[in-house]
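Engineer: Supplied in structure tokens, the structure appears directly below.
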Amino acid sequence: MEIPVEHKKMVLVRAGTVEDIPRGEGRCFTIQDRRIAIFHLEDGSFGAVDHDCPHRGGPLSDGIVGRDSVICPLHGWRIDLRTGVVIGQEGKSVKTYPVRIEQGEILLKVQG
Amino acid sequence: MKHERLIVIGNGMAGVATIEEILKKPSPPTITVFGGEPHVNYNRILLSDVLACAKTTEEIFLNSREWYEKHAIQLHPGVFITGIDLDHKQVIAQSGERYEFDKLLIATGSVPLIPPMKGVDKKGVFTFRNIEDTESMIQWAARNDRAVVIGGGLLGLEAARGLTNRGMMVTVVHLMGHLMEKQLDATAGAILKTEVEKMGIEVRLNCTVKEILGKGKVEAVRFSTGDLIKTDLALITAGIRPNVKLAEEAGLAVKRGILVGYHMQSSHPEVFAVGECVEFRGWTYGLVAPIMEQAKVAAEAIAGSRSLVYGGSTPATTLKVAGIRLTSMGDFQQNGADCEEITYADPNMGIYKKVVLQGNRVAGAILLGETEDGPRLLEWIRKGTDVGPFRKSLLWDGNGAQPRPIPVAGMQDNETVCGCMSVTKGTIVEAIKTHKLTDREGIGEKTRACTSCKSCGPLIDQLLEDALGSTYVAAPKVNDLCACARMTRQALRQVIQERQLKSYSTVKESGCLGDCGVCKPGVSFLLSEIWPKDYADERQARFINDRVHANIQKDGTFSVVPRIYGGVTSPEQLRRIADVAEKYNVRMVKITGGQRIDLLGVKKEDLPKIWADLDIPSGHAYAKAVRTVKTCVGSDFCRFGVGDSTALGIEMEKRFEGLYTPHKVKMAVSGCPRNCAESYVKDIGVVAIEGGWEVYVGGAAGMNVRKGDLLCRVDIGQEVLDAATKFLQYYRENGEYMERTYDFVPRIGIETIRRVIFNKISGEPDRLLERFHEAKSAVVDPWKKESRRPVHKRQFSDLTIVE
Ligand code: SRM
Ligand SMILES: Cc1cc2nc3c(=O)[nH]c(=O)nc-3n(C[C@H](O)[C@H](O)[C@H](O)COP(=O)(O)OP(=O)(O)OC[C@H]3O[C@@H](n4cnc5c(N)ncnc54)[C@H](O)[C@@H]3O)c2cc1C
Ligand code: SF4
Ligand code: FES
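Just so you know, the protein sequences line up as chains Z and V, in that order. Letter 34 of the first sequence, counting from 1, is numbered 47 in the working numbering, and no numbers are missing. Letter 258 of the second sequence, counting from 1, is numbered 292 in the working numbering, and no numbers are missing.
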């Protein structure tokens with residue numbers, strides 16, 4: 014017998030305020046057992062991806078942020094923050110999360 | 035015998051090149067030159083570099099006033115000739131004054147072509163032909179933001195890149211379906227477009243400008259489609275037209291250009307013409323190389339000999355845009371019956387190569403992305419070489435792996451090495467011998483070779499190497515700072531200084547960078563080195579280590595290495611380190627290879643607390659900065675010691691601590707040549723000898739093992755400090771980012787380093803010291819400062835954890 018798949022719900026979680034992340038940097042944010050790296054881009058927008066680098070788990074939130082990518086601090090893999098794809102290693106990627114700013118608060122959409 | 039009188043109209047590249055050839059003849063005539071521009075002769079080609087901040091106007095002058103005087107050439111700069119009276123053999127200047135000649139040389143070049151459009155008289159509309167154009171454009175660019183370049187040929191693209199370097203947002207508007215259609219086919223044009231766009235330049239193809247709009251000053255341009263785009267500057271680079279007005283009015287035979295025969299003589303037997311203003315069998319040329327060939331023939335003819343014949347030239351063009359390598363030559367779009375194309379394309383890598391064969395001879399070629407084969411292909415075209423036997427390896431070697439090196443040794447003396455300036459191998463080899471030249475610059479000065487597009491640089495290096503053997507010192511290689519910058523460190527340095535840019539953000543806004551992120555630390559270092567006192571430190575532009583002053587580990591924790599000067603510590607200091615290690619549950623306490631103690635596995639949020647508890651300055655083990663100074667016990671204890679290495683090492687470490695450098699700098703001081711502190715393999719290593727000290731630089735024992743080069747032998751410790759300081763500052767200013775001294779020292783050469791940092795007459799040693807002290811006085815211990823006052827409330831912490 015087939016077991017019906019239950020669709021996971023998307024939930025909004027608060028991840029601090031805009032001032033918590035200096036412009037051009039990232040910070041790590043943990044929800045349940047999932048770590049997510051949130052970035053405050055130079056143009057003022059925000060982006061979020063899984064925190065651990067697909068190479069050897071480097072902390073992406075500590076990476077250098079380019080216009081729309083982050084460079085892992087351990088061995089320099091570069092990850093496109095819009096798609097989560099590792100640039101130059103197109104087979105590898107991290108998950109991305111939609112971010113919304115409301116009244117200065119960072120709201121993150123994750124599967125509950 | 036009365037000297038013959040030669041008048042030259044046009045003090046440009048062709049006119050003066052011909053004069054230079056004439057001066058080589060046994061009894062040159064008396065020469066008078068009229069130049070429409072108020073300068074001595076300069077290298078027009080390099081105006082692109084001036085616009086792109088890569089050269090100053092002073093650097094492009096070719097012949098000084100002294101040169102004209104020395105050869106008794108009467109120069110009338112800024113004097114326009116308005117008429118030629120052939121019957122009386124006179125030229126007429128603006129003032130009405132007349133000058134008599136026996137022979138006349140016309141070298142009036144060309145004028146920019148202005149396509150039919152309205153509004154070209156507005157302020158902010160430019161052409162790009164001479165120094166005045168360039169300088170006024172530079173001034174205008176400094177005050178304005180947007181530019182439209184009309185015409186996507188060679189000149190337009192070079193200008194677009196230049197204006198981008200000057201901080202403008204540039205759109206190139208091109209009439210045709212692909213860029214540089216005179217030199218490229220559609221495939222190459224499309225790849226080039228992508229490369230140009232990567233530089234942040236917008237390209238619009240199939241587009242005509244109908245009107246330039248604005249009240250007095252340019253505000254927008256309108257296309258034939260009716261579309262408008264706003265702009266503050268419009269540059270017209272739509273081509274050139276031979277400047278034939280004078281000749282035409284004088285009654286000489288003129289079509290598109292002044293018609294000349296095999297000896298560069300016009301329709302009048304005493305009147306010759308060279309350069310862009312001439313037409314030879316239906317051809318006109320807008321490049322220097324053909325002009326140099328014409329100059330030799332004209333000089334011969336003016337001297338009364340007919341032994342040289344001009345038979346036309348094979349044009350070869352190189353785009354001088356930093357970051358793009360592109361050469362096109364000959365007839366690349368032949369489509370006759372016996373024509374074939376051999377192509378190789380890798381658009382993603384920006385590589386495209388095409389050779390057009392007619393029969394078994396090369397008719398033309400396009401090289402984009404990799405241009406090493408250019409000189410050889412050009413030679414084959416010129417000579418009509420039968421390439422049938424090695425067809426398979428025209429673009430690649432037999433294995434299809436690497437492009438083959440160009441066998442300069444196998445070249446004939448009369449083969450061309452520098453295509454731009456048409457200089458042969460023989461001329462260069464001769465000049466190396468006669469003038470004892472040792473570098474590209476010297477060769478450029480004497481022969482003009484390698485002064486424009488520089489693609490012959492590697493060939494010239496080979497010639498130098500062959501001639502000089504072991505005494506040859508390789509020229510510094512020039513690297514772009516980053517793929518997104520497409521600019522060398524030197525060029526960026528100049529922009530930063532000229533425009534007083536003091537933060538990463540302002541450099542980025544200047545348009546010099548593509549903001550890929552990779553070059554952020556390098557640019558940050560450059561800024562801090564140029565403006566030690568008032569550079570705006572932006573943390574987002576620095577590596578995580580420099581944001582938290584500790585070295586990141588594989589698990590995301592950090593290591594803490596306090597400074598232990600010269601490896602000398604005390605019970606009290608050891609006790610404090612031990613206490614801290616316990617208090618913060620440090621995972622490992624390790625004695626490092628650099629004679630200090632590493633606390634490993636520290637959490638980011640504990641860092642400021644650890645620093646406060648330690649109260650020892652940062653060891654900068656995490657930074658591209660001065661690291662350790664290893665010492666041995668030295669003359670105080672050791673039975674062999676001849677110098678107090680410990681004291682000198684500690685003094686050195688105190689003097690240099692906290693300074694950032696292109697890459698890490700490790701030092702050592704040993705008390706005798708037994709060398710227990712391993713001084714020979716340090717970036718700066720000092721060894722005590724009987725009665726003095728030796729200073730070595732450029733040593734290494736990491737990924738590379740290299741014994742340092744002896745910089746100097748001195749008598750006292752103070753002199754060691756002095757020499758080390760000058761070297762360190764010189765490295766800070768001239769090292770490429772991430773270039774260790776073991777690469778830097780061989781690249782520059784120890785002789786050159788000595789010459790620069792010790793030559794008192796130049797004043798440079800003192801200036802190096804001055805700049806060092808300025809940099810040092812700006813150093814603050816980050817641990818002290820930021821344990822008290824973090825730069826951001828979350829400098830060391832994650833976001834709140836939600837459960
Ligand atoms: C701690 C130490 C090893 C030890 O346990 O003894 C060490 C540890 C590291 N070295 Fe080293 N090196 C240490 C002495 C050396 C030495 C010996 C010396 O300095 O006398 C060398 C050879 C000398 C040299 O530098 O030329 C050395 C050559 C390297 C290299 C290769 C550099 C090169 O271009 O050849 C690297 C990689 C790099 O710099 O890119 C490196 C990089 C590293 C890094 C920083 C790797 C990194 O980027 O994260 C290691 C940090 C571990 C950590 O998490 O803290 N380490 N490393 C030593 C610290 C010395 C100190 O007190 O500051
Ligand atoms: C920005 C730029 C980049 C270039 N890059 C390259 C390149 O990479 N490679 C290459 O091969 N070529 C390049 N060229 C083209 C090259 O500079 C010309 O082909 C070359 O300068 C032509 O030399 P010429 O002597 O014929 O003309 P010019 O050098 O223009 O000299 C003509 C001179 O005659 C003067 N003159 C004109 N009429 C009169 C008069 N009636 N009385 C007195 N004086 C008069 C003018 O003022 C001018 O100084 C470039 C040109 C420009 C503008
Ligand atoms: S040798 Fe240096 S870089 Fe390599 S693992 Fe050891 S500490 Fe790390
Ligand atoms: S862990 Fe990210 S690049 Fe290696």
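Every residue gets a Cβ at the ideal spot worked out from N, C-alpha and C, and that includes glycine. For clarity, every value in this text was computed on a predicted model and none was experimentally measured.
(1) For Lys637/V, which three-state DSSP category applies?
(2) Nearest chain V C-beta to Glu38/Z closer than 8 Å, yes or no?
(3) Note down, in chain order, all residues in the stretch 583-597 of chain V with a beta-carbon under 7 Å from any beta-carbon belonging to chain Z.
(4) Closer than 6 Å by C-beta to Ala397/V: which residues in its own chain qualify, once you throw out the five before and the five after it? Chain order, please.
(5) Taking Glu229/V as the reference, which of Pro381/V, Ile477/V and Thr603/V has the closest Cα?
(6) Distance cutoff 8 Å, beta carbons only. Does Ile51/Z sit that close to anything in chain V?
(7) Is Arg621/V helix, strand or coil when you go by DSSP?
(8) Roughly how far, in whole angstroms, is the beta-carbon of Phe59/Z from the beta-carbon of Val112/Z, given that I think they are within contact range, below 8 Å?
(9) I'd like to confirm the pairing. Which residues does DSSP put opposite Trp727/V in its beta bridges?
(10) Residues of chain V with CB closer than 9 Å to the CB of Val78/Z, please, in chain order.
(11) Val255/V by DSSP, collapsed to three states: which one?
(12) State the CB to CB distance for the pair Leu293/V and Gly196/V, rounded to an integer number of angstroms; the pair is presumed to be in contact (CB under 8 Å).
(13) Tell me the DSSP secondary structure of Ser593/V in three-state form.
(14) Please check the pair His826/V and Pro86/Z, which I expect to be a contact at CB under 8 Å, by giving their CB distance rounded to whole angstroms.
(15) From this set, Thr198/V, Gly460/V and Val660/V, which residue's C-alpha is nearest Asn448/V's C-alpha?
(16) Among Phe68/V, Pro149/V and Asn75/V, which one has its Cα closest to the Cα of Ile126/V?
(17) With a cut-off of 6 Å, give the chain-ordered residues whose Cβ is closer than this to any heavy atom of ligand 4.
(18) Going by DSSP in three states, Arg77/Z sits in which element: helix, strand or coil?
(19) Expressed to the nearest angstrom, what Euclidean distance is found between the alpha-carbon atoms of Gly285/V and Ser427/V?
(20) List, in chain order, every chain V residue whose beta-carbon is nearer than 8 Å to that of Cys41/Z.
(21) Would the stretch 679-699 of chain V and the stretch 771-783 of chain V be scored as touching if the rule is three or more Cβ pairs under 8 Å?
(22) Would you be able to state if there are at least three C-beta pairs under 8 Å between the stretch 38-56 of chain V and the stretch 69-84 of chain V?
(23) Using DSSP's beta-bridge definition, name the partner residues of Cys41/Z.
(24) Starting from the Cα of Ala575/V, find the closest Cα among Gln587/V, Asn585/V and Gly556/V and give me that residue.
(25) How is the alpha helix (DSSP H) around Ile358/V delimited, first residue to last?
(26) I want to see whether chain V comes within less than 8 Å of Ile92/Z, judged by CB atoms only; does it?
(27) Can you give me the start and stop residues for the alpha helix (DSSP H) that Ser562/V sits inside?
(28) Can you pull the DSSP bridge partners for Thr450/V?
(29) List the residues of chain Z that His826/V touches, going by C-beta distances under 7 Å, in chain order.
(30) Whose Cβ in chain Z lies nearer than 8 Å to the Cβ of Phe559/V?
(31) Taking Ser82/Z as the query, report the chain V residues whose CB atoms sit under 9 Å from its CB, ordered along the chain.
(32) On the CB-based measure, 16 or more other CB atoms within 10 Å of its CB, does Met622/V come out buried or exposed?
(33) Which residues in the same chain as Thr142/V place their Cβ atom closer than 7 Å to its Cβ, once the five residues preceding and following it in sequence are excluded?
(34) Can you find a heavy atom of ligand 1 that lies under 7 Å from the Cβ of Arg661/V?
(35) Tell me whether His469/V sits in a helix, a strand or coil according to DSSP, three-state version.
(36) Any beta carbon from chain V within less than 8 Å of Asp75/Z's own beta carbon?
Structural biologist: This is what the structure gives:
(1) If you number the second sequence from 1, residue 637/V lands on position 603. Lys637/V falls in the coil class under three-state DSSP.
(2) Working through the first sequence from its first residue, we reach residue 38/Z at position 25. Answer yes: the Cβ-Cβ gap between Glu38/Z and chain V drops below 8 Å somewhere.
(3) Ile586, Lys588 and Gly590
(4) Position 363 of the second sequence, counted from the first residue, corresponds to residue 397/V. Closer than 6 Å at Cβ, skipping near neighbours: Gly364, Asp365, Gln368 and Val390.
(5) Along the second sequence, read from residue 1 onward, the residue named residue 229/V stands at position 195. Answer by Cα proximity: Pro381/V.
(6) Taking the first sequence and counting its residues from 1, one reaches residue 51/Z at position 38. Interface residue, yes.
(7) Against the second sequence, residue 621/V aligns to sequence position 587. It is coil, neither helix nor strand.
(8) Taking the first sequence and counting its residues from 1, one reaches residue 59/Z at position 46. Taking the first sequence and counting its residues from 1, one reaches residue 112/Z at position 99. About 4 Å separates the two Cβ atoms, so the contact holds.
(9) Mapped onto the second sequence, residue 727/V falls at position 693. Ala722/V and Val748/V.
(10) Position 65 of the first sequence, counted from the first residue, corresponds to residue 78/Z. Within chain V, the residues near Val78/Z are Gly551, Lys554 and Gln574.
(11) Here residue 255/V refers to the residue found at position 221 of the second sequence. Val255/V falls in the strand class under three-state DSSP.
(12) Against the second sequence, residue 293/V aligns to sequence position 259. Against the second sequence, residue 196/V aligns to sequence position 162. Their Cβ separation, rounded to whole angstroms, is 35 Å, which puts Leu293/V and Gly196/V out of contact at 8 Å.
(13) Against the second sequence, residue 593/V aligns to sequence position 559. Strand, per DSSP.
(14) Counting from 1 along the second sequence, the entry for residue 826/V is found at position 792. Counting from 1 along the first sequence, the entry for residue 86/Z is found at position 73. Actually they are not in contact, since the Cβ atoms of His826/V and Pro86/Z sit about 18 Å apart, beyond 8 Å.
(15) Mapped onto the second sequence, residue 448/V falls at position 414. Checked all of Thr198/V, Gly460/V and Val660/V; the closest Cα to Asn448/V is Gly460/V.
(16) Locating residue 126/V in the second sequence gives position 92, counting from the first residue. Measuring from the Cα of Ile126/V, the nearest candidate turns out to be Phe68/V.
(17) Cys66/Z, His68/Z, Arg69/Z, Gly70/Z, Gly71/Z, Cys85/Z, Leu87/Z, His88/Z, Gly89/Z and Trp90/Z
(18) Along the first sequence, one-based indexing puts residue 77/Z at 64. Per the sequence presented here, residue 77/Z reads as Ile, with Arg not at that position. Strand.
(19) Working through the second sequence from its first residue, we reach residue 285/V at position 251. Working through the second sequence from its first residue, we reach residue 427/V at position 393. Taking the straight line joining both Cα atoms gives about 53 Å.
(20) Taking the first residue of the first sequence as 1, we reach residue 41/Z at position 28. Per Cβ cutoff of 8 Å: Asp832 and Leu833.
(21) yes
(22) yes
(23) Position 28 of the first sequence, counted from the first residue, corresponds to residue 41/Z. According to DSSP, which records beta bridges pairwise, Cys41/Z is partnered with Ala50/Z.
(24) Walking along the second sequence from the start, residue 575/V turns up at place 541. Nearest of Gln587/V, Asn585/V and Gly556/V to Ala575/V, Cα basis: Gly556/V.
(25) Taking the second sequence and counting its residues from 1, the one referred to as residue 358/V is at position 324. Note, Ile358/V: premise wrong, no alpha helix (DSSP H); not H, not E.
(26) By 1-based counting over the first sequence, the position of residue 92/Z is 79. By this cut-off, Ile92/Z is not an interface position.
(27) Residue mapping note: residue 562/V aligns to position 528 of the second sequence, counting from 1. Its alpha helix (DSSP H) spans residues Lys554 to Ile564.
(28) Start at 1 with the first residue of the second sequence, and residue 450/V comes out as number 416. Answer is Thr458/V, bridged to Thr450/V.
(29) Residue numbering aside, residue 826/V sits at position 792 when the second sequence is read from its first letter. Under the 7 Å cutoff, chain Z gives Pro35.
(30) Reading the second sequence from its first residue, position 525 is the one you call residue 559/V. Under the 8 Å cutoff, chain Z gives no residues; its nearest Cβ is about 13 Å from Phe559/V.
(31) Taking the first sequence and counting its residues from 1, the one referred to as residue 82/Z is at position 69. Correct list: Cys550 and Gly551.
(32) By 1-based counting over the second sequence, the position of residue 622/V is 588. Met622/V comes out exposed.
(33) Residue 142/V sits at position 108 when you count from the first residue of the second sequence. Contacts found: Ile43, Gly44, Asn277, Leu280 and Cys311.
(34) Residue numbering aside, residue 661/V sits at position 627 when the second sequence is read from its first letter. Yes; taking the cut-off as 7 Å, the Cβ of Arg661/V has a heavy atom of ligand 1 nearer than that.
(35) Taking the first residue of the second sequence as position 1, residue 469/V is located at position 435. Helix at His469/V.
(36) Position 62 of the first sequence, counted from the first residue, corresponds to residue 75/Z. Interface residue, yes.
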